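Q: The C-terminal position of the first sequence is numbered 928 in the working numbering, with every residue numbered one higher than the one before it. Ideal Cβ placement from N, Cα and C applies to all residues, glycine included. Just so you know, these numbers come straight off a predicted model, no measurement behind them.
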Amino acid sequence: MPSYLPASIEPKWQAHWVSNKIFKTVTDTSKPKYYILDMFPYPSGSGLHVGHPEGYTATDILARYKRMAGFNVLHPMGWDAFGLPAEQFAIQTGTHPRVTTETNINNFRRQIQSLGFSYDWDREVDTTDPHYYKWTQWIFLLLYGTWYDAQAKKGRPIAELPIPAETAAAGDNAIREYTDSKRLAFQAEIPVNWCATLGTVLANEEVIDGKSERGNHPVVRIPLKQWQLRITEYAERLIDDLDMVEWPDSVKKMQREWIGKSEGAEVDFTAELPSGGREALRVFTTRPDTLFGATYMVLSPEHQLVDALTTAPQKDAVATYRELTSRKSDLERTDLAKTKTGVFTGSFAINPVSGGKIPIWIADYVLSGYGTGAIMAVPAHDERDFEFAKTFDLPIITVVKPTDAWLAKTGSTLDALTEAYSETGEVIHSGDFNGLDSLVCKAKITEWLAARGLGKKRINYKLRDWLFSRQRYWGEPFPLLHELDEAGNPTGRIEPLEVTDLPLMLPKLEDYKPSGRPEPPLGKATEWATVKKNGKTYRRELNTMPQWAGSCWYYLRYIDPKNPNAFLDPAEENRWMPVDLYVGGAEHAVLHLLYSRFWHKVLFDRGHVSQAEPFQKLVNQGMILGEMEYTGFKDSNAWVSAKDVEFDGGTPRLKKGQKEIEKVTLTEELIEKKGEFFVLREKPEIRVDSRAYKMSKSRGNVINPDDVVEQFGADSLRLYEMFMGPLEATKPWSMRGVEGVFRFLGRVWRLFIEDRAEAVALSPAVTNDPADKETLRLLHKTIQKVTDDLDGMRFNTAISAMMEYANHLTPMATKPKEALEPFVLILAPFAPHLAEELWSLLGQTKTLAYEPWPKADPALLVADSIEIPVQIAGKVRARITVPAGLSQEALQAAALADPKVQAQLEGKTIKKAIIVPDKMVNLVIG
RNA sequence: GCCGAAGUGGCGGAAUGGCAGACGCGAUGGACUCAAAAUCCAUUGUCCUCAACGGCGUGUGGGUUCGAGUCCCACCUUCGGCACCA
3 MPSYLPASIE PKWQAHWVSN KIFKTVTDTS KPKYYILDMF PYPSGSGLHV
53 GHPEGYTATD ILARYKRMAG FNVLHPMGWD AFGLPAEQFA IQTGTHPRVT
103 TETNINNFRR QIQSLGFSYD WDREVDTTDP HYYKWTQWIF LLLYGTWYDA
153 QAKKGRPIAE LPIPAETAAA GDNAIREYTD SKRLAFQAEI PVNWCATLGT
203 VLANEEVIDG KSERGNHPVV RIPLKQWQLR ITEYAERLID DLDMVEWPDS
253 VKKMQREWIG KSEGAEVDFT AELPSGGREA LRVFTTRPDT LFGATYMVLS
303 PEHQLVDALT TAPQKDAVAT YRELTSRKSD LERTDLAKTK TGVFTGSFAI
353 NPVSGGKIPI WIADYVLSGY GTGAIMAVPA HDERDFEFAK TFDLPIITVV
403 KPTDAWLAKT GSTLDALTEA YSETGEVIHS GDFNGLDSLV CKAKITEWLA
453 ARGLGKKRIN YKLRDWLFSR QRYWGEPFPL LHELDEAGNP TGRIEPLEVT
503 DLPLMLPKLE DYKPSGRPEP PLGKATEWAT VKKNGKTYRR ELNTMPQWAG
553 SCWYYLRYID PKNPNAFLDP AEENRWMPVD LYVGGAEHAV LHLLYSRFWH
603 KVLFDRGHVS QAEPFQKLVN QGMILGEMEY TGFKDSNAWV SAKDVEFDGG
653 TPRLKKGQKE IEKVTLTEEL IEKKGEFFVL REKPEIRVDS RAYKMSKSRG
703 NVINPDDVVE QFGADSLRLY EMFMGPLEAT KPWSMRGVEG VFRFLGRVWR
753 LFIEDRAEAV ALSPAVTNDP ADKETLRLLH KTIQKVTDDL DGMRFNTAIS
803 AMMEYANHLT PMATKPKEAL EPFVLILAPF APHLAEELWS LLGQTKTLAY
853 EPWPKADPAL LVADSIEIPV QIAGKVRARI TVPAGLSQEA LQAAALADPK
903 VQAQLEGKTI KKAIIVPDKM VNLVIG
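(1) Give the C-beta separation of W735 and F470 to the nearest angstrom, bearing in mind that I take them to be a contact with Cβ-Cβ under 8 Å.
(2) Write down the C-beta distance between L486 and P492 rounded to the nearest angstrom, noting that I regard them as a contact closer than 8 Å.
(3) What is the rounded straight-line gap between the Cα of V194 and the Cα of I496?
(4) Along the chain, where does the beta strand (DSSP E) that runs through Q228 open and close?
(5) Determine the closest residue to P381 out of G295, K446, A314 and S414, with distance taken between C-alpha atoms.
(6) Are at least three pairs of beta-carbons, each pair with one atom in the segment 458-470 and one in the segment 415-435, less than 8 Å apart?
(7) If we ignore side chains and look at the alpha-carbon of each, how far apart do T732 and L86 end up?
(8) Compare the C-alpha of F42 against each of H594, L780 and S867 and name the closest.
(9) Nearest to V666 by alpha carbon, out of E678, D691 and K676?
(10) Going along the chain, which residues of its own chain have a beta-carbon closer than 7 Å to the beta-carbon of Q618, five neighbours each way excluded?
(11) With distances taken from CA atoms, which of E664, I561, E684 and Y807 is nearest V75?
(12) By DSSP, does M724 sit in helix, in strand, or in coil?
(13) Looking at C-beta atoms only, is the number of pairs between the segment 49-69 and the segment 700-710 that lie closer than 8 Å three or more?
(14) CA-CA distance, K317 and A351?
(15) Considering only C-alpha positions, which residue in the set A176, W855, G887 and K857 is nearest to V864?
(16) Look at the alpha carbon of M3 and the alpha carbon of M625, and state the distance between them as a whole number of angstroms.
(17) Could you tell me the distance, in whole angstroms, from the CA atom of L499 to the CA atom of M795?
(18) Could you name each continuous alpha helix (DSSP H) segment of 4 residues or more that falls completely within the segment 766-842, going from the start of the chain to the end?
(19) Can you tell which of K921, P856 and P854 has its C-alpha closest to the C-alpha of P885?
(20) Along the chain, which unbroken stretches of the alpha helix (DSSP H) at least 4 residues long are found entirely within the segment 857-886?
(21) Across which residues does DSSP place L483 in a beta bridge pair?
(22) For my contact list, L843 and L753 are in at a C-beta cut-off of 8 Å; report their separation, rounded to the angstrom.
(23) In this structure, what does DSSP give as the bridge partners for F346?
(24) Identify the continuous beta strand (DSSP E) that holds D40 and give its terminal residues.
(25) Just verifying my parser: in three-state terms, what is the DSSP assignment at F80?
(26) Out of G147, Y67 and S5, which has the shortest C-alpha to C-alpha gap to D790?
(27) Starting from E674, trace the beta strand (DSSP E) in both directions and tell me its first and last residue.
(28) By how many angstroms is the C-alpha of F119 removed from the C-alpha of I63?
(29) Who are the Cβ neighbours of G702 in its own chain at under 6 Å, not counting the five residues just before and after it?
(30) I'd like the list of long-range same chain contacts for P834, defined as Cβ closer than 6 Å, with 5 residues on each side in sequence excluded.
(31) In the DSSP assignment, find the alpha helix (DSSP H) that holds W26 and state where it starts and stops.
(32) What is the residue span of the alpha helix (DSSP H) that T669 lies within?
(33) Between which two residues does the beta strand (DSSP E) harbouring F680 extend?
(34) Taking Q937 as part of the beta strand (DSSP E), name the residues at either end of that continuous run.
(35) In terms of alpha-carbon separation, which member of T347, V604 and D717 lies closest to A187?
(36) Closest to W196 by C-alpha separation, out of T633, V711 and G518, would be which residue?
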């Protein structure tokens, strides 16, 4: 019974592709190259999720299309396999993360292969493989051996670092310390994000609203000596080079905002110390034009000068406040964002332009890590300062004249603002600078300050250096040795390993448990950690690298994955880079993409890669939600309308009184749409909630690709994921939708195969007869549409076009091969198993993977006659059938000859006729 | 609060400023069948009790245009991102 049975054809072709290495990529310079990349997955224990194959299918379709279109295609896959879950599992069960990781990778590979993707499996990489992380460590050493030359705007070898004369004179230790302070990888004692639950510190990018991005655990700030990467040196280039790449504007914007460039000035105020001395107090401002309006200053509670500035009577208050804020987590600080807090130090400073004496406060709304950790407060023109000034009754001086409209709107007067005016305008109350426009004034005041040595132009970035060490086991060890003195204490001298010593393998451990304190578990491997070399004793660096390290450069290793001598061959790099198309989730818009761009630029500066940017074009696939859910609500067994309920998918509560109520999952038969809302069919006054939710284990709405493949086959899963809607859109899953595309594939199958025959064989209806004109026209129209849609990544509409063509062929008594063969070829990227099967049934012996892509013949695209609407006063009143390509005059004549048109025009005059050839006729009547 | 994206049938969605709703799902009717499944055919935005090259219809209100889902202005809703960065 030869009906369409994916289970009997898909494994066969998958085995064929893998065992014959059909998709092995060999560099072939006679063809143009195309490097198409997926963001490689973290192989989790729960296996593939239908979200993964969405992007993978899109890239696979394009990879197969490009191969047929004559490109030399590189399309690899691998594993981002370092990371917490395997380690947590090890803590719970004692299973080595290596074992868990391997199991998970095998499962992921099996699942991915069961979907028929055309990856070159000979290029698979695994970030936890020592052959791979050898080169991750090597790149770390490169960062360690590089300094940033701000003049040349370029990373250079550390050996080329100019040593200032006085440093050189101070001896070897001074030179070493100076050099270490310039490296792109450096150690510093800074307040870090410590997550006790995860037992590790986290980068700023990994902390969201004071909680860990992974797992949502609380994060507190503690000072710790940690490895950092000097990504801030590349801030400017990371912004500027975004202009070179074709990425979604939203992603570029997010990166720009994350880097957060702001131009302004550094200004020195003179603080009068209670001890009698004076000290320069430096602030950063983007609005030097409002300097005359600075009525007080604020230091962050952590600022170095706080102790020196605090007067005796304020001592207790300041100490209490600092104590309070230091114990606050970031979360609490943001929670309290609504009300401003702060304490007066008791001291004053002199405003450098007005000479006025202004009070110095401390407050936690000023961040220690940004700018200079101190601000001049201009309450009239800064919202936060305004709020603070109102809270503590500090003076407010307007120095930029608001527009009359603004004053009227906010109910303010020049001397009594109701809110801060943060726009630009005419400068007032500012001595010699009065009357200038803010923008001009900005430059003038900065010049004035610079001339007197009181300030200068300055650019600041929100971006911080990248905290690069983690107190975990399952990550790349740092290839560094700390020299110890005889007493076993670090001398501060660091010895990098030689390339020949790499990879530095992770030691075996019995106990992976984090201590709850920031001491890395690698410390437990005492034998591994201690190294004797050249008569000296060293302790290995015990931190490991964060998960991002391996994913920062994997796209390069794919190009030359087995190379034992280099991270990749420069000739191959030159051939394949940049990545032409990179597809992945929007959640990596900042983290991964920013980090890998940074590494790439360092590699570029040091001459190891040929391109400044790694990813030419980026596309984010949208999220796939679970099936649509309809929910009704009941309070003590009585229905409650959704309009009276607060509900976000969890526990429903009454809007009035917040009482918890019951939710009832409803089937479609029980509800109907009434106006804008769904209501109960039985009780139409009761509205119900309808939504699709993010897939999650706890909701129980996760779709497992294995189940879909088992029921409908890989081709149906692939086709459905592409047919759901635009790739970038968020869209809900529907099993019925999968069934729909499965039926389409069944219909395609039956175009070729007699359903009721005994064996799988070409149906007698498939003939060598020539196809009729209409069929040929449709075929070429479909080829054209599918080709255009592939180029524009509009997979959903490409599939509809093929459905229309199949619908045209279905009722035909004979199916000419000339109408079928090209159809199989254009279907192949989407449903490769079915296409290969049909291709071989058509008598072909070779895989169709490298068959030339069909070309639409423009001559065949034109229809003989077309139906054209005739509008009268903008409304369609008739349709006329005319030969294609008629001139405007002829079209108008044809329209006027139509009896319906004549009836409509009875007694009216035509004022104007708009005629679009082959499209429409619009007659405007008087 | 700020920034961005999106609002089109019962549902997913389609439409270079030119016939709104392609294609698919669902639904209804029919054919095949002893029956069912599968398949095939037809209908399916809505209202006027039926039909119409009738009216209405792309979140709401305005505007530009011969013509607006598409362009402009204002607003509403949903989803993402940012949120004391001076």
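A: From the atom records:
(1) In the first sequence, residue 735 corresponds to position 733, counting from 1. In the first sequence, residue 470 corresponds to position 468, counting from 1. Your pair W735 and F470 does not check out as a contact, with CB atoms roughly 38 Å apart and the cut at 8 Å.
(2) Counting from one through the first sequence, the residue named residue 486 turns up at place 484. Counting from one through the first sequence, the residue named residue 492 turns up at place 490. L486 to P492, Cβ: 6 Å. Contact.
(3) The residue you call residue 194 lines up with position 192 of the first sequence. The residue you call residue 496 lines up with position 494 of the first sequence. Their Cα atoms are separated by approximately 22 Å.
(4) Looking up residue 228 in the first sequence gives position 226. Q228: member of the beta strand (DSSP E) spanning V222 to L231, first to last residue.
(5) For the purposes of this step, residue 381 is taken as residue 379 along the first sequence, with counting starting at 1. It is G295.
(6) Result no; under three Cβ-Cβ pairs closer than 8 Å.
(7) Numbered from 1 along the first sequence, position 730 holds the residue referred to as residue 732. Numbered from 1 along the first sequence, position 84 holds the residue referred to as residue 86. So the two alpha carbons sit approximately 28 Å from each other.
(8) To locate residue 42, count along the first sequence from 1; it is residue 40. Check the Cα spacing between F42 and each of H594, L780 and S867: the tightest is with H594.
(9) Against the first sequence, residue 666 aligns to sequence position 664. Minimum Cα distance to V666 is reached at D691.
(10) On the first sequence, residue 618 is found 616 positions in, with the first residue counted as 1. Excluding positions up to five away in sequence, the list reads V247, E248, P580, V581 and D582.
(11) Within the first sequence, residue 75 is the residue found at index 73, counting from 1. Per the Cα distances, I561.
(12) Here the question's residue 724 lines up with position 722 in the first sequence. Here M724 sits in helix by DSSP.
(13) The answer is yes - the segment 700-710 touches the segment 49-69, with three or more Cβ pairs under 8 Å.
(14) Taking the first residue of the first sequence as 1, we reach residue 317 at position 315. Taking the first residue of the first sequence as 1, we reach residue 351 at position 349. Straight-line Cα distance between these residues: approximately 18 Å.
(15) Residue mapping note: residue 864 aligns to position 862 of the first sequence, counting from 1. When each option's Cα is compared against that of V864, the closest is G887.
(16) Taking the first sequence and counting its residues from 1, one reaches residue 3 at position 1. Taking the first sequence and counting its residues from 1, one reaches residue 625 at position 623. Reliability of the predicted coordinates at M3 is poor, the pLDDT of 47 falling under 50, and the value obtained from them is presented with this limitation in mind. M3 and M625 have their C-alpha atoms spaced approximately 39 Å apart.
(17) The sequence position of residue 499 within the first sequence is 497, counting from 1. The sequence position of residue 795 within the first sequence is 793, counting from 1. Approximately 47 Å between the Cα atoms of the pair.
(18) Counting only runs of 4 or more, we get 775-793, 797-811 and 819-829.
(19) In the first sequence, the residue the question calls residue 885 occupies position 883. It is K921 whose Cα lies nearest to the Cα of P885.
(20) If only complete runs of 4 or more residues are kept, the segment 857-886 shows the alpha helix (DSSP H) at 860-863, in order along the chain.
(21) Indexing the first sequence from 1 puts residue 483 at position 481. In DSSP, L483 forms a bridge with E497 and R542.
(22) Your numbering for residue 843 matches position 841 in the first sequence. Your numbering for residue 753 matches position 751 in the first sequence. Taking 8 Å as the upper bound for CB-CB distance, L843 and L753 are not in contact here, some 11 Å apart.
(23) On the first sequence, residue 346 is found 344 positions in, with the first residue counted as 1. In DSSP, F346 forms a bridge with W363.
(24) By 1-based counting over the first sequence, the position of residue 40 is 38. Start and end: K35 to D40.
(25) Counted from its first residue, the first sequence places residue 80 at position 78. Note that residue 80 is Gly in the sequence shown, not Phe. In the structure shown, the three-state DSSP call for G80 is strand.
(26) For the purposes of this step, residue 790 is taken as the residue at position 788 of the first sequence. The residue from G147, Y67 and S5 with its alpha-carbon nearest to that of D790 is Y67.
(27) Position 672 of the first sequence, counted from the start, is the residue given in the question as residue 674. Membership of E674 in the beta strand (DSSP E) is indicated by the continuous run I673 to K676.
(28) Residue 63 sits at position 61 when you count from the first residue of the first sequence. Residue 119 sits at position 117 when you count from the first residue of the first sequence. Rounded to whole angstroms, I63 to F119 spans 9 Å at the Cα level.
(29) Here residue 702 corresponds to residue number 700 of the first sequence, with the count starting at 1. Cβ within range, chain order: n/a, list empty.
(30) Translated into positions along the first sequence, residue 834 becomes position 832. Within the same chain, G118 come within 6 Å of P834 by CB-CB distance, once the 5 residues on both sides are set aside.
(31) Taking the first residue of the first sequence as 1, we reach residue 26 at position 24. First, the residue type needs correcting, since residue 26 is Lys and not Trp in the sequence shown. Segment: none, K26 is in no alpha helix (DSSP H) and carries neither H nor E.
(32) Taking the first residue of the first sequence as position 1, residue 669 is located at position 667. Taken as a continuous stretch (DSSP letters only), T669 belongs to no alpha helix (DSSP H), as it is neither H nor E.
(33) Taking the first sequence and counting its residues from 1, the one referred to as residue 680 is at position 678. Here the beta strand (DSSP E) through F680 covers F679 to L682.
(34) Residue 937 lies beyond the residue range present for the chain, which begins at 3 and ends at 928; the question has no answer from this structure.
(35) Within the first sequence, numbered from 1, the residue matching residue 187 stands at position 185. Minimum Cα distance to A187 is reached at V604.
(36) Here residue 196 refers to the residue found at position 194 when the first sequence is read from its first residue. Closest by alpha carbon: G518.
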